[in-house]
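Q: Taken in order, these protein sequences are the chains called A and B.
So for the first sequence, my numbering puts the first residue at -2; every next one is plus one.
So for the second sequence, my numbering puts the first residue at 2; every next one is plus one.
Backbone N, C-alpha and C fix where the C-beta goes; we use that ideal spot for every residue, glycine too.
Just so we're clear, the structure is a prediction, and the values are computed from it rather than from any experiment.
If you scroll down you'll find the structure; I have some questions about it.
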Amino acid sequence: MGMTITEKILARHAGLDNVEPGQLINAKLDVVLGNDITAPVAIREFEKLGMDQVFDKKRVVLVPDHFIPNKDIQSAEQALAMRTFAKKHGIVNYFEVGRMGIEHCLLPEAGLVLPGDLIIGADSHTCTYGALGAFATGVGSTDMAAAMATGEAWFKVPETIKFVYHGKLKPWVGGKDLILHTIGDIGVDGARYMAMEFTGEAIDDLSVEGRLTMANMAIEAGGKNGIIAPDHKTLDYVKKRAKRDYQVLASDPDAKYAKVIEYDVSELEPVVSFPHLPENTRPISEVGNITIDQVVIGSCTNGRIEDLRVAAKLLKGHKVHNEIRAIVIPGTQEIYRQAMTEGLVDIFIEAEAVVSTPTCGPCLGGYMGILAKGERCVSTTNRNFVGRMGHPESEVYLSGPAVAAASAVLGRIASPEEVL
Amino acid sequence: MKKMITGSAFLFGDNIDTDQIYPGRYLELVKPDEVAAHCLEGADPSFVKKMTSGDVVVAGRNFGCGSSREHAVITLAHAGVGVLIAESFARIFYRNAINLGLPLLVCPRITGRVKEGDIVEVDLHGGLVKNHTTSEEIQGEKLSDYMLEILQSGGIKPLFKKLTADM
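Below, the structure written as structure tokens:
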């Protein structure tokens, strides 16, 4: 019996020839990740366990990004705990302010996560790296603490749902729209505990950035991981970044899937998720007249250079509507610089949007764009839960960068075609 | 962990996400009793005031979806929630709860069989819920021996310490 790419990666890291869904395995990890919210908790546990060293100084990756640059004294204390730990243990991949970025934009860019890897991160959006053909999944701080000590973790091999996307995407439709459409179809627990394998012509046509956006939101369907087999685009992306070997794997033709779901996406419109769940999706043509107060373009979902290019294309020559504010957050320092080099930052400032240093800030209601009672935001982030971005009576509408930028111009949720 | 857990039921719906269990704006808090003060605030701001230690949270599908934050488990445990019963749990939340020793039970038939304020008793070994108010018994999914062992030790860390002390 053949195996899926997810099963192959798990088997290799467990030292086994074969694994099957439901099987419990103990596996070696290539990367263990934490951020300023989860790592301080893990560090305390690590120290309480009496551990005096991490399993590998290069493979424990610490990224202060959520409430960083420090938003208040308590966040500063968390950041300090992480910095002190990184120094004490000689953590090679600790990223200080000035070098840091949003973790799931930064790790692929820095070549720290590679095809065939097995990665855990104390952040639910760790599943992003599956876009490069890795198995990556989110865990809690306690699992992170144990993994920092041992370099291993136990897993239950998940069943896989295969998604096949047929057809060519229309203009302004991208990875975000594909994944929102998928979550809208299967629901926020439609892939609970399962691997989501994305395939088909529309996936082949997506850039690596668009694929990272898709895998990023596997967790929003309850998925354990999202995964896309590497192709020439993946290899072009990783070749110039990798500093170690990697494994290019693919599912066998006779691999067993729990389900195969096929979509014809050739007529798919940009998608918007209404409050308060990502599954509450509507095509842009059915949104109606919804005025807004704020737009956020950024995050681990859509803070990459391609996203900023799309937003800039729509904002160029326009102003942000005079009754709303628009916040653009490049995902990393490198993306920020690239956006400056390409003149995108100029376009944003000329349009009267603000451009922030990389941070997760507003996505989880931390800072840099908190919503007041009754306010509405169109956001390229990943969650629109109750109170996610501020007041419990505020609202978040999820979209891709094209709808977000068009909405910034028109002051209501809008189709890119209304602007360009 | 007690073998039988009895308390008053508090009802919640489907997809109670980690931002409702523990809003992101409190993530900088560290002390467990400060974290406990905001338990389920996004779903029911008066929950902490109404509940007493040992009470039971009963929910629908996909409880704990969203973030990997352990604050979501810490807040429930330190607020004194005795056990969580849900039709289903999100994966990361479930794993965190077991790791931190917070008892929980998957019970696909629970919805509609327990009302707010009913006195329910949970037998974790048998995976059984007894509603003392209605005298109905509802069978849930038994925990595996491995997970029971972790819960009985009070979480993965005490178990880890116990195992390393035995070596």
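On the premise that A:Tyr394 lies in contact with A:Ala270, defined as a C-beta separation below 8 Å, what is that separation, rounded to the nearest angstrom?
A: Looking at the sequence provided, one finds Ser at residue 270 of chain A rather than Ala. That pair is a contact at about 7 Å.
Q: Residues in the stretch 356 to 367 of chain A with C-beta within 7 Å of chain B's C-beta atoms, listed in sequence order?
A: Residues Leu361, Gly362, Gly363.
Q: Taking 9 Å as the cut-off, decide whether the C-beta atoms of A:Gly108 and A:Ala239 are in contact.
A: Against a cut-off of 9 Å, the Cβ pair of A:Ala239 and A:Gly108 comes out as a contact.
Q: Could you check how far apart the C-beta atoms of A:Ile258 and A:Cys102 are, in whole angstroms? I think they sit under 8 Å.
A: No, A:Ile258 and A:Cys102 are not in contact; Cβ-Cβ is about 28 Å, not under 8 Å.
Q: Between the stretch 63 to 76 of chain A and chain B, which residues of the former have CB atoms less than 7 Å from a CB of the latter, in chain order?
A: The residues in question are Phe64, Asp69, Gln71, Ser72, Gln75.
Q: Sort B:Asn100, B:Val84, B:Asp20, B:Leu152 by Cα distance to B:Val121 and report the nearest one.
A: Looking at the Cα atoms, B:Val84 is the closest of the given residues.
Q: Check distances from the C-beta atoms of the stretch 21 to 54 of chain B to those of chain A and list, in chain order, the residues that come in under 9 Å.
A: Cβ contacts with chain A: Gln21, Pro24, Gly25, Arg26, Leu28, Glu29, Leu30, Val31, Glu42, Gly43, Ala44, Pro46.
Q: Could you check whether the Cβ of A:Arg80 sits closer than 9 Å to any Cβ belonging to chain B?
A: Answer no: the Cβ-Cβ gap between A:Arg80 and chain B never drops below 9 Å.
Q: Within a Cβ cutoff of 8 Å, which residues of the same chain sit near A:Pro272, ignoring the five residues on either side of it in sequence?
A: Cβ within range, chain order: Asn381, Val383, Glu392, Val393, Tyr394.
Q: Of all the alpha helix (DSSP H) runs that stay within the bounds of the stretch 25 to 77 of chain A, which reach a length of 4 or more residues?
A: List check, alpha helix (DSSP H) in window: 36 to 45.
Q: Find the residues of chain B that neighbour A:Lys221, judging by a C-beta separation of less than 7 Å, and give them in chain order.
A: By Cβ distance, chain B contributes Arg92.
Q: Examine chain A for any beta-carbon lying closer than 9 Å to the beta-carbon of B:Cys108, and answer yes or no.
A: Answer no: the Cβ-Cβ gap between B:Cys108 and chain A never drops below 9 Å.
Q: Which residues does DSSP list as the beta-bridge partners of A:Lys256?
A: In the DSSP output, where bridge partners are listed per residue, A:Lys256 has A:Ile158.
Q: Which residues of chain B have a Cβ atom closer than 8 Å to the Cβ of A:Arg385, listed in chain order?
A: Neighbours of A:Arg385 on chain B, chain order: Asp20, Gly25.
Q: Candidates A:Glu44, A:Ile99, A:Lys85, A:Ser263: which alpha carbon is nearest A:Gly164's?
A: Residue A:Ser263 is the option with its Cα nearest to A:Gly164.
Q: With a CB to CB cut of under 6 Å and the five nearest residues on each side skipped, what residues in its chain are close to A:Val352?
A: Hits under 6 Å: Val325, Val342, Phe345.
Q: Would you kindly check if the distance between the Cβ of B:Cys66 and the Cβ of A:Val185 is under 9 Å?
A: Yes, Cβ-Cβ distance for A:Val185 and B:Cys66 is below 9 Å.
Q: Anything in chain A within Cβ reach of B:Leu101, meaning under 7 Å, just list it in chain order.
A: Per Cβ cutoff of 7 Å: Thr139.
Q: Could you work out which residues of chain B lie near A:Gly135, taking near to mean beta carbons separated by less than 9 Å?
A: Simply Ser68, Ser69, Arg92, Ile93.
Q: Flag A:Asp290 as yes if its beta-carbon sits less than 9 Å from any beta-carbon of chain B, otherwise no.
A: No, because no Cβ of chain B sits closer than 9 Å to the Cβ of A:Asp290.
Q: Closest to A:Asn32 by CA distance: which of A:Ser138, A:Leu129, A:His315, A:Cys124 is it?
A: The residue with the shortest Cα to Cα distance from A:Asn32 is A:Ser138.
Q: With three or more beta-carbon pairs closer than 8 Å as the criterion, would you say the stretch 242 to 254 of chain A touches the stretch 139 to 149 of chain A?
A: In short, these stretches do not touch, since the Cβ pair count stays below three.
Q: 9 Å is my cut-off, CB to CB: does A:Ser296 come that close to chain B?
A: It does not; no Cβ of chain B falls within 9 Å.
Q: Roughly how many angstroms separate the alpha carbons of B:Val58 and B:Thr76, rounded to a whole number?
A: Rounded to the nearest angstrom, the two C-alpha atoms are 13 Å apart.
Q: DSSP on B:Pro159, reduced to helix/strand/coil?
A: B:Pro159: helix per DSSP, three-state reduction.
Q: Of the residues that make up the stretch 166 to 189 of chain A, which ones have a beta carbon closer than 8 Å to any beta carbon in chain B?
A: Flagged, chain order: Val185, Asp186, Arg189.
Q: Return the CA-CA distance between A:Ala401 and A:Ser296, expressed in angstroms with no decimal places.
A: Distance between the alpha carbons of A:Ala401 and A:Ser296 is about 13 Å.
Q: Determine the closest residue to A:Val292 out of A:Arg409, A:Lys84, A:Gly113, with distance taken between C-alpha atoms.
A: Answer by Cα proximity: A:Arg409.
Q: The alpha helix (DSSP H) that contains A:Asn299, what's its start and end?
A: First-last of the alpha helix (DSSP H) with A:Asn299: 296 to 299.
Q: Assess contact between the stretch 76 to 95 of chain A and the stretch 117 to 131 of chain A, defined as three or more Cβ pairs (one per stretch) separated by less than 8 Å. Is contact present?
A: In short, these stretches do not touch, since the Cβ pair count stays below three.
Q: B:Ile111 versus chain A: which residues are under 8 Å apart at the beta carbon?
A: Here the premise fails: no neighbours, minimum Cβ distance about 16 Å.
Q: What does A:Glu93 reach in chain B if we use C-beta pairs closer than 9 Å?
A: Within 9 Å Cβ-Cβ: nothing; A:Glu93 doesn't reach chain B, min ~19 Å.
Q: For A:Asp120, would you say it is in contact with chain B, using Cβ-to-Cβ distances shorter than 9 Å as the test?
A: Interface residue, yes.
Q: Taking the CB atoms as reference points, tell me whether B:Thr134 and B:Gly55 lie closer together than 9 Å.
A: In this structure, B:Gly55 does not lie closer than 9 Å to B:Thr134 by Cβ.
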